[in-house]
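In the UniProt record's numbering, the protein residues as written are 1 to 449. To start, the structure under review is shown below, and the notes come after it.
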């Protein structure tokens, strides 16, 4: 079957999401015969995530010499168009694109199919980030977790607290215009082919390993560490004893939620050492005055106040698993992000407590093995743990994580893709369809062709 054109009905809220630079009415012209693919969309502007199915028929028994793509939402249409693009192949003459007769019903297995990208250790130029977003679209990922800041740098240009960047200069930063252009679907400079179709998460951390850059531009934010009853000039986690801490966090988060109109804020909480809190006499006095018996309880006090701030701003919270492991009392609505240790035991405990879980432990892209390691990503099954069916339904998906210590603009794309494609397939396809053997066979047939 030769395809000549694909006609799209323009929708007011999604017409700009399709591939820029091409006519939104005719996307493809090849071959001699004319075939039109019609789109059927039930709701142009649905709320919520893209757990919507799509159905693609090309020259099927009930749609001869025609093609139709239908879905209950624009998100399904976008995923279906991606499926269609991957069905195209060059014919034997090398001069035309062809597609086999087909009928496909497709839908994602998990709600949250994400990629975490760290731009704090090595600055990544905007075109590189756009390339990552293009890769996510091709792999039907729907959540971009942007780890913008860490101890090494604070490249987020805050208008409310400009010293956060000015006091810890790196020479490069992400300004509000860059960020807003991605969210609002503006053609430049961050907008990708599908405009604002990704959720973006700005993460803040509690431990010294992740907040040192914060303290450079915000006085009294970090806890002074003591040696021999004197401040030794080093600093630990965010100071939970000062009201000014929470005033700062609320104002910063208010700015962030204005730029990132998404449901979630990642509150971090991993790798928090209590040593500095333990050494500080002001912290000790604060704990005594407030009947706080342990440093885990102090962490709970801090996290609870921060969670309350996110709730006040109509946002929901994600936390790393240590917050849960340390016994912090968190609302059931808080998503626990599992990244280390025995993931099966952790998922069982987290979901057993009624919390929603997100898995990344088995999909760390910065951990590179010789000989190709993508097959191990297929062996990771998010629902493989001891628990009831209700518990397993609390696992909403996962993220492939690309931390930035050993990558920069010269190699980050090659490090992420196509390895993250294995994670994407695990989160999209049915449990019995996404095996490494099946993927190997597909790769072999593709390269042989």
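The C-beta atom is built at its ideal place from N, Cα and C for all residues, glycine as well. Since this is a predicted model, take the numbers as computed values, not measurements.
Kindly give me the distance between the Cβ atoms of residue i and residue j, rounded to whole angstroms, as I take these residues to be in contact under 8 Å.
{"i": "residue 248", "j": "residue 221", "result": "6 Å"}
{"i": "residue 331", "j": "residue 280", "result": "About 29 Å separates the two Cβ atoms, so there is no contact after all."}
{"i": "residue 377", "j": "residue 422", "result": "4 Å"}
{"i": "residue 158", "j": "residue 252", "result": "7 Å"}
{"i": "residue 350", "j": "residue 324", "result": "6 Å"}
{"i": "residue 236", "j": "residue 276", "result": "2 Å"}
{"i": "residue 357", "j": "residue 336", "result": "5 Å"}
Using the beta-carbon count (16 or more within 10 Å), is residue i buried or exposed?
{"i": "residue 61", "result": "exposed"}
{"i": "residue 418", "result": "exposed"}
{"i": "residue 369", "result": "exposed"}
{"i": "residue 187", "result": "Residue confidence for residue 187 is low, a pLDDT of 33 falling below 50, so the modelled location carries little weight; the figure read from the coordinates is stated next. It is exposed - the Cβ of residue 187 has fewer than 16 other Cβ atoms within 10 Å."}
{"i": "residue 172", "result": "Caution applies to residue 172, whose pLDDT of 48 falls short of 50 and renders its modelled position unreliable; the value that the coordinates give is listed next. It is exposed - the Cβ of residue 172 has fewer than 16 other Cβ atoms within 10 Å."}
{"i": "residue 90", "result": "exposed"}
{"i": "residue 387", "result": "buried"}
{"i": "residue 198", "result": "Confidence is the limiting factor: at residue 198 the pLDDT is only 43, short of 50, which leaves the residue's position unreliable and the question unanswerable from this model."}
{"i": "residue 54", "result": "buried"}
{"i": "residue 310", "result": "buried"}
{"i": "residue 322", "result": "buried"}
{"i": "residue 285", "result": "exposed"}
{"i": "residue 426", "result": "buried"}
{"i": "residue 76", "result": "buried"}
{"i": "residue 154", "result": "buried"}
{"i": "residue 218", "result": "buried"}
{"i": "residue 414", "result": "exposed"}
{"i": "residue 288", "result": "exposed"}
{"i": "residue 228", "result": "exposed"}
{"i": "residue 67", "result": "buried"}
{"i": "residue 269", "result": "buried"}
{"i": "residue 73", "result": "buried"}
{"i": "residue 329", "result": "exposed"}
{"i": "residue 393", "result": "exposed"}
{"i": "residue 216", "result": "buried"}
{"i": "residue 372", "result": "exposed"}
{"i": "residue 71", "result": "buried"}
Could you work out which residue in the options is closest to residue i when comparing CA atoms only?
{"i": "residue 121", "options": "101, 142, 149, 143", "result": "149"}
{"i": "residue 137", "options": "433, 436, 428", "result": "428"}
{"i": "residue 108", "options": "89, 125, 83", "result": "83"}
{"i": "residue 303", "options": "110, 67, 319", "result": "319"}
{"i": "residue 379", "options": "296, 431, 391, 250", "result": "431"}
{"i": "residue 119", "options": "294, 398, 412, 422", "result": "412"}
{"i": "residue 56", "options": "105, 92, 340", "result": "105"}
{"i": "residue 341", "options": "352, 328, 356, 363", "result": "363"}
{"i": "residue 231", "options": "71, 217, 283, 264", "result": "283"}
{"i": "residue 361", "options": "345, 317, 134", "result": "345"}
{"i": "residue 152", "options": "354, 327, 324, 403", "result": "403"}
{"i": "residue 145", "options": "66, 307, 401", "result": "401"}
{"i": "residue 338", "options": "265, 110, 96, 397", "result": "397"}
{"i": "residue 81", "options": "264, 139, 354", "result": "139"}
{"i": "residue 278", "options": "216, 256, 293, 373", "result": "293"}
{"i": "residue 290", "options": "242, 216, 64, 65", "result": "242"}
{"i": "residue 259", "options": "305, 244, 156", "result": "156"}
{"i": "residue 395", "options": "254, 347, 141", "result": "347"}
{"i": "residue 110", "options": "141, 92, 85", "result": "141"}
Is the distance from the Cβ of residue i to the Cβ of residue j below 8 Å?
{"i": "residue 424", "j": "residue 79", "result": "no"}
{"i": "residue 366", "j": "residue 405", "result": "yes"}
{"i": "residue 298", "j": "residue 240", "result": "yes"}
{"i": "residue 343", "j": "residue 359", "result": "yes"}
{"i": "residue 87", "j": "residue 420", "result": "no"}
{"i": "residue 143", "j": "residue 399", "result": "yes"}
{"i": "residue 416", "j": "residue 94", "result": "no"}
{"i": "residue 391", "j": "residue 352", "result": "yes"}
{"i": "residue 375", "j": "residue 355", "result": "no"}
{"i": "residue 505", "j": "residue 295", "result": "Outside the shown range of the chain (1 to 449) lies residue 505, about which nothing can therefore be said."}
{"i": "residue 265", "j": "residue 272", "result": "no"}
{"i": "residue 124", "j": "residue 147", "result": "no"}
{"i": "residue 226", "j": "residue 305", "result": "no"}
Does any CB atom of chain E fall closer than 8 Å to the CB of residue i?
{"i": "residue 264", "result": "Of the protein chains in the structure, only one exists, and it is not chain E."}
*Specify whether the segment 425-443 and the segment 122-138 touch according to this definition: at least 3 beta carbon pairs, one from each stretch, less than 8 Å apart.*
no
*Please confirm if the segment 153-163 is in contact with the segment 99-107, defined as three or more CB-CB distances below 8 Å between the two stretches.*
no
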